[in-house]
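Numbering (my numbering), first residue to last: 160 to 419.
Glycine included, C-beta positions come from ideal geometry on N, C-alpha and C.
Quick look at the structure:
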């Protein structure tokens, strides 16, 4: 694509972006309080760009995160949950996993420096000690910061989260001297929810997944029972503000009935 064509395309997108902004403002529709994002397609983007090292795709995707958070803050979103690394991803070859973990560590450090409130979520015990320490330190350093909360899901799997929640629940009741029979008598969904990684936070209103895949792959399985979903064809590094505004427009046009 030539320079002239590129400039023209960017101009068209800017015009379209402003039009979307005006329509959203005029519609005065609801803004999702909590947005979950499956940042998918970094490796495929790298291959599409002819890059031999797919970790350059991961770095490009990490750079996109700061843009997304700025868009969310401007829109009035209060919580963002970013799925950066699944438990399944931990089985990748060392030659890819180690650089990916370094990218994530660098991203978390950048978000700390930029002033965001960071909350790691996932099975940190499955991660290398250094990565786990970076995440724990980020949580500690930023815990009192106001504004948008960024949940960083690293070493995260929805099934494992539920298993961990049940395990934690059982341990809590056992420490009080309660029997399994006692627990069965009182157990309900709220008891389990109180032991999830996201305890104390509202469930996601909107879940966005990039790369054209139309599945959750285990992301926030419990919390997304009433979420709205938006699937975007673009690979994550190519996700634009226009795409984000489209997701908000789609969300605002839906009628959430919660089963009623």
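Looking at residue 191: is its Cβ nearer than 8 Å to the Cβ of residue 364? As a first step, residue 191 must be located in the chain shown, where it is residue number 32. As a first step, residue 364 must be located in the chain shown, where it is residue number 205. Going by C-beta atoms, residue 191 is nearer than 8 Å to residue 364.
Taking the alpha carbon of residue 205 as the point to measure from, which residue in 232, 177, 393 and 409 has its own alpha carbon closest? Here residue 205 refers to the residue found at position 46 of the chain shown. Residue 205 has its Cα closest to that of 393, out of 232, 177, 393 and 409.
By DSSP, does residue 245 sit in helix, in strand, or in coil? As a first step, residue 245 is located in the chain shown; it is residue number 86 there, counting from the start. Residue state, collapsed to three classes: strand.
Confirm, please, whether the CB-CB distance from residue 256 to residue 249 is below 8 Å. By one-based count along the chain shown, residue 249 stands at place 90. By one-based count along the chain shown, residue 256 stands at place 97. Yes. Within cutoff.
Quick test of your reading: residue 380 and residue 304, contact by CB under 8 Å. State the CB separation rounded to the nearest angstrom. Mapped onto the chain shown, residue 380 falls at position 221. Mapped onto the chain shown, residue 304 falls at position 145. In fact, because the Cβ distance is near 29 Å, the residues do not count as touching under 8 Å.
Would you give the residue range spanned by the alpha helix (DSSP H) that residue 263 belongs to? Along the chain shown, one-based indexing puts residue 263 at 104. Taken as a continuous stretch (DSSP letters only), the alpha helix (DSSP H) holding residue 263 covers 253-272.
Whole angstroms are fine: how far does the CA of residue 224 sit from the CA of residue 269? Working through the chain shown from its first residue, we reach residue 269 at position 110. Working through the chain shown from its first residue, we reach residue 224 at position 65. For residue 269 and residue 224, the gap between their C-alpha atoms comes out near 10 Å.
Residue(s) in a DSSP beta bridge with residue 365: Position 206 of the chain shown, counting from 1, holds the residue named residue 365. For residue 365, which the question treats as bridged, DSSP gives the partners 194 and 387.
Going by beta carbon distance, what residues of the same chain come within less than 6 Å of residue 195, once the five residues before and after it are set aside? Stepping through the chain shown from its first residue, residue 195 is reached at position 36. Only 240, 363, 366 and 379 meet the Cβ criterion.
Given 8 Å, three or more beta-carbon pairs between the region 327-347 and the region 292-307: no
Can you give the Cα-Cα distance for residue 260 and residue 408, rounded to whole angstroms? Within the chain shown, the letter at position 101 stands for residue 260. Within the chain shown, the letter at position 249 stands for residue 408. Per the coordinates, the alpha-carbon of residue 260 lies some 34 Å from the alpha-carbon of residue 408.
How many Å lie between residue 263 and residue 173 at the Cα? Taking the chain shown and counting its residues from 1, the one referred to as residue 263 is at position 104. Taking the chain shown and counting its residues from 1, the one referred to as residue 173 is at position 14. Roughly 30 Å separates the two Cα atoms.
Looking at the secondary structure, which residues open and close the beta strand (DSSP E) in which residue 410 lies? Here residue 410 refers to the residue found at position 251 when the chain shown is read from its first residue. No beta strand (DSSP E) holds residue 410; the alpha helix (DSSP H) holding it covers 400-411.
So, are the CB atoms of residue 404 and residue 183 less than 8 Å apart? By 1-based counting over the chain shown, the position of residue 404 is 245. By 1-based counting over the chain shown, the position of residue 183 is 24. Against a cut-off of 8 Å, the Cβ pair of residue 183 and residue 404 comes out as a contact.
Just reading off the beta strand (DSSP E) that residue 317 is part of, what are its end residues? Position 158 of the chain shown, counted from the first residue, corresponds to residue 317. Element bounds for residue 317: not the beta strand (DSSP E) but the alpha helix (DSSP H), 317-334.
Span separating the alpha-carbon of residue 335 from that of residue 297: For the purposes of this step, residue 335 is identified with residue 176 of the chain shown, where counting begins at 1. For the purposes of this step, residue 297 is identified with residue 138 of the chain shown, where counting begins at 1. Distance between the alpha carbons of residue 335 and residue 297 is about 32 Å.
Based on Cα-Cα distance, which residue from 176, 308, 346 and 387 lies nearest to residue 413? One-based indexing of the chain shown puts residue 413 at position 254. Looking at the Cα atoms, 387 is the closest of the given residues.
Quick check on residue 213: does DSSP put it in helix, strand or coil? The sequence position of residue 213 within the chain shown is 54, counting from 1. Three-state DSSP puts residue 213 in coil, outside helix and strand.
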